[in-house]
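Protein chains in written order, with UniProt numbering: chain B, 1 to 591; chain R, 1 to 301.
By construction, the Cβ of each residue, glycine as well, lies at the ideal position given by its N, Cα and C atoms.
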Amino acid sequence: MTAEENSGRAAPRPVLTVSGLSVQVATPEGAKTVVEDLSFTLNHGETLCLAGESGSGKSMTALAIMGLLPYPMARISAGSIRLADGTELAGASERALRKVRAMRISMIFQEPMTSLNPVMTIGRQLSEVLLEHKVCTRAEAPGRALELLRDVQITEAEKRLGQYPHELSGGMRQRVMIAIALACSPEILIADEPTTALDVTVQAEVLELIRALQREHGTTVLMITHDMGVVAEMADRVIVLRNGRQEEAAPVRTLFAAPETPYARELLDAVPRIGEAPARPAPDRVRHTVDVEDLSVRFPMRGGILNRVTAQLHAVEGVDFRIAPGETLALVGESGCGKSTIGKALLSLVPWQGSIRIDGQQMAGLSPRALKPIRRNVQMVFQDPGASLDARMTVGKQVAEPLVVHGLASGSELQDRVEWLFRRVGLPPDHMDRFPHEFSGGQRQRICIARALALRPKAIVADESVSALDVSVQARVLDLLRELQEEEGLAYLFISHDMAVIDQVADRVAVMNLGQIVETGSRDQVLRDPQHSYTRRLLSAVPIPDPTHLRPPVLPREGPVGSPVRPLGEDVTRFAMQEIAPGHWVADRAA
Amino acid sequence: MVMSDATIAPPPVARKRNAAWVLRELLRRPRSAFGLTVIVLMVGAAVLAPWIMPYDPNDQMFDGLSLEGAPLPPSAKFWLGTDLLGRDLFSRLILGTQTSLIIGVLANGIAVVLGATVGITAGYFGGWIGGVLMRFTDLMMAFPALLLAIVLAAIFKPSLLIVALVIAMVNWVQMARVLYTETRSLAQREFIDVQRAIGSSTWRILGRHIFPHLVYSIIVFGTLGISTTVLLEATLSYLGVGVQPPTPSWGNIIFENQTYFANAPWLVFFPGLAIVLLALSFNLLGDVLRDTLDPKLKGRH
């Protein structure tokens with residue numbers, strides 16, 4: 001099916017033509033148009049990016065092409081989607097669409113865990129696709145499956161065939177998804193936010209893989225993403241969408257160099273770029289709001305017939321850090337490195353050992369009752385504002401709750417305090433009687449910030465607080481956080497995987513790996529002059545929102561991937577830290 | 001500082017989901033409107049029984065039997081016929097509505113409270129408390145419900161209250177199971193973590209943040225449970241360990257007359273029909289209630 005012709009870039013040959021596409025979604029208020037009059041052509045071998053913020057209709061477009069719009073909620077209301085041979089996809093029967101899916105167009109989704117069947121082995125899932133579309137015979141299927149896994153560069157491919165999805169890492173699962181998508185050598189691959197759920201290093205590898213496969217097979221890629229860094233790295237052409245309409249369509253270099261529409265310009269300006277953040281004023285380091293020494297968090301792992309503790313997960317191991325008033329310490333690391341656990345330990349949401357002092361008061365060994373007044377001094381803002389608000393309580397009541405719980409205000413005083421907090425975070429106080437679902441993501445995060453501020457804390461743990469937000473909203477929430485910090489002298493522990501955001505907000509950075517800090521220092525020391533190999537690797541994987549910049553391949557991992565799980569009684573070897581410059585500590589290379 | 005995301009108007013305020021709205025929604029759908037009508041009629045019959053019964057339900061009327069002493073089939077005089085002792089079946093059915101509904105509400109109420117308490121406690125605290133409670137629940141589930149009810153009813157002297165308690169003992173397990181699972185997943189949600197971080201007490205978290213999310217499941221399971229309860233009462237009465245004669249209940253009317261099924265089928269058919277109707281009505285109502293109250297299904301009906 002794949003014509004092995006070397007088409008090159010000279011004569012564009014369209015493989016998919018979308019014209020005048022409109023998609024409507026049923027809402028309680030009537031039909032709402034989420035994609036309006038969208039037209040584009042997908043040329044053979046190119047990568048077209050649909051970029052836009054949430055609600056821009058980019059995913060709906062992809063689903064419309066696949067004929068996977070959620071029935072009966074959404075439907076194509078106008079327009080046509082045509083393959084190169086004239087096959088019309090809009091309004092085609094399920095039978096006809098099934099022939100097109102996987103054989104000619106296939107799709108990979110954001111969350112590889114939920115896209116794979118958890119009770120089937122990888123090998124069977126691959127064979128199923130091959131047999132379903134009669135690509136090969138039953139006898140050939142295992143061989144073909146193995147070949148496909150090798151194609152997507154999975155290590156120990158033979159072993160993977162017999163494994164279940166949960167036994168693989170996130171990156172490997174996404175590779176399997178790509179293998180399944182490419183099983184029938186489709187002409188077009190639609191990738192809907194394929195790397196958003198992945199760590200930055202894994203993201204770089206997966207993007208590299210998609211590019212390599214595209215070169216080899218001449219597949220055309222339609223990529224959907226909100227990340228302008230990914231756009232810059234992958235796209236040949238970009239379509240910027242907003243509220244279901246095309247704002248701008250341009251070759252990637254033209255778009256980044258000279259965006260024509262104000263929206264595209266705004267979108268590109270909001271993208272945080274490493275190394276462009278202004279210097280931050282030095283906070284005074286006489287006192288420390290947060291003083292953590294030798295913090296360890298271990299979770300017991302049970303097993304065996306008697307369900308006894310057989311091993312321990314050393315989530316955090318011997319971590320020290322201090323944060324001065326008005327200072328931001330950023331914790332960086334890949335998922336599972338223990339950075340969120342540290343945040344939870346500060347609020348005593350997980351059992352911990354060691355010493356945590358908040359504003360000079362020791363928290364170790366206190367009863368819950370004695371802990372309550374100290375807890376007031378440190379509050380947390382979580383990643384997903386939708387999940388951290390109670391859907392069945394008005395937002396006003398939720399912001400008031402901390403004050404009520406601690407008996408700090410009641411009656412009209414409480415009302416006044418809540419109104420003041422709403423204004424403080426830039427929300428109109430008359431929204432107090434509404435429920436969380438009536439707000440946008442950015443507004444919800446403001447509500448969460450208002451709630452965290454209610455107790456006038458000295459320190460705030462921001463756990464991926466802006467990761468779920470669109471870039472423009474993200475920038476404004478970061479502005480708010482910065483403003484609050486300057487006025488109230490708050491100490492922030494800013495937990496994030498996003499290097500560019502950290503570059504914007506941090507005074508100091510601590511890089512974590514396997515529960516320990518491997519490098520710490522001022523922002524400039526760590527991000528501009530990384531010393532530890534792990535830090536370098538992380539930084540090398542960050543996509544740069546500049547299509548003219550050729551990112552060198554991700555640095556290889558040094559040594560095998562470690563595990564923080566140890567049998568009972570065996571301790572994790574702690575890294576020895578060396579001070580290589582004033583305030584810049586790096587773990588021993590050997591460790 | 002730009003605040004444009006704060007000024008974008010949020011979507012229009014959703015219609016308030018108060019009781020009047022729920023009632024309107026229920027009447028709008030044929031299934032639930034039917035269920036609701038039947039239930040209202042039956043409650044009305046139970047409450048107004050002394051006034052609407054055409055005859056004394058315990059009066060063994062001489063003209064209620066044929067010359068040969070056989071019960072009379074439905075006629076203009078005895079709408080639903082008479083039973084073996086010459087009592088008017090229609091009157092007995094109306095009085096039986098009282099018993100069946102009391103059992104349904106009382107037994108089911110006890111079952112709901114007990115099941116909710118066990119389920120929420122086990123789900124929220126987990127650990128050994130949860131382990132012990134849920135193993136006990138599993139044990140109750142594995143036990144043949146009818147056998148247990150018969151044993152319990154046989155040990156205690158049968159009365160309306162005892163029958164209700166016995167039925168509750170058997171019926172609370174499903175509620176506990178469902179709420180346990182729901183509470184467990186709720187307790188791991190982030191907004192509960194937030195509450196712990198704020199320093200809210202356990203009672204506050206349970207009452208203010210967990211319970212409101214479970215109310216709808218409880219309502220729905222409660223209504224579905226009523227039909228099970230009425231059926232179980234009928235079964236117990238049928239087996240002779242339920243409500244004792246002469247107090248009529250739909251179940252014991254069937255029990256008393258089963259031997260005459262071939263000659264006087266109306267004696268079994270009408271009470272059976274009443275049971276089926278009540279169970280069906282509550283099921284329909286519960287079903288629609290779930291669809292209307294679940295916010296996740298909003299805008300899809």
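Note that the C-beta distance between residue 319(B) and residue 577(B) is not below 9 Å. For residue 184(B), the closest Cβ of chain R is not nearer than 9 Å. Between residue 190(R) and chain B, the shortest Cβ-Cβ separation is below 9 Å. The residue from 261(R), 70(R), 288(R) and 173(R) with its alpha-carbon nearest to that of residue 122(R) is 173(R).
Close partners of residue 200(R) in chain B (Cβ separation under 8 Å): 401 and 405. Apart from the 5 residues on each side of it in sequence, residue 138(B) sits with its Cβ closer than 7 Å to the Cβ of 131 in its chain, given in chain order. The three-state secondary structure of residue 261(B), taken from DSSP, is coil. For residue 278(R) and residue 263(R), the gap between their C-alpha atoms comes out near 26 Å. At least one CB atom of chain R sits nearer than 9 Å to the CB of residue 384(B). Counting along the chain, the unbroken alpha helix (DSSP H) around residue 217(B) starts and ends at 200-217. A residue is called buried when at least 16 other Cβ atoms come within 10 angstroms of its Cβ; residue 339(B) meets this threshold and is buried.
Distances from the CA of residue 161(R) to each of 127(R), 104(R) and 188(R) were compared; the closest alpha carbon is that of 104(R). Taking the CA atoms as reference points, residue 399(B) sits about 32 Å from residue 57(B).
For a cut-off of 8 Å, the C-beta gap from residue 495(B) to residue 463(B) is around 5 Å, short enough to register as a contact. Contact between the segment 185-196 of chain B and the segment 93-106 of chain B is present, with at least three C-beta pairs closer than 8 Å. The shortest C-alpha to C-alpha distance from residue 347(B) to any of 438(B), 330(B) and 457(B) is the one to 457(B). Sixteen is the threshold: when 16 or more other Cβ atoms of the shown chains lie within 10 Å of the Cβ of residue 422(B), as they do, the residue is buried. With respect to the C-alpha of residue 204(R), the residue from 435(B), 535(B) and 404(B) having the closest C-alpha is 404(B).
Three or more beta-carbon pairs drawn from the segment 532-548 of chain B and the segment 505-524 of chain B are found closer than 8 Å, and the two stretches are therefore classed as touching.
In this structure, the straight-line span from the alpha carbon of residue 424(B) to that of residue 406(B) is close to 21 Å. By the 16-neighbour rule on beta-carbons within 10 angstroms, residue 73(B) is exposed. In its chain, beyond the 5 residues on either side, 69 have a beta carbon closer than 6 Å to the beta carbon of residue 63(B). For residue 360(B), the three-state secondary structure derived from DSSP is coil. Look at residue 464(B) here: in three-state DSSP terms it is coil, with no helix or strand label.
For residue 455(B), the closest of 488(B), 477(B) and 443(B) by C-alpha to C-alpha distance is 488(B). Apart from the 5 residues on each side of it in sequence, residue 141(R) sits with its Cβ closer than 6 Å to the Cβ of 173 in its chain, given in chain order. Listed in chain order, the alpha helix (DSSP H) elements of length 4 or more contained wholly in the segment 48-125 of chain R are 49-52 and 89-125. Taking 9 Å as the threshold, the shortest C-beta distance from residue 363(B) to chain R does not fall below it.
Look at residue 136(B): its C-beta is not under 9 Å from any C-beta on chain R. Look at residue 374(B) here: in three-state DSSP terms it is helix. Counting only the Cα atoms, residue 46(R) lies some 17 Å from residue 229(R). Listed as beta-bridge partners of residue 588(B) by DSSP are no residues whatsoever. Per DSSP, the continuous beta strand (DSSP E) segment holding residue 246(B) begins and ends at 245-251. Against chain R, the CB of residue 410(B) has no partner CB under 9 Å away; the residue lies outside that interface. Residue 83(B) and residue 89(B) have their alpha carbons spaced roughly 8 Å apart. Residue 204(R) reaches chain B at 405, counting residues in chain order whose Cβ is nearer than 8 Å.
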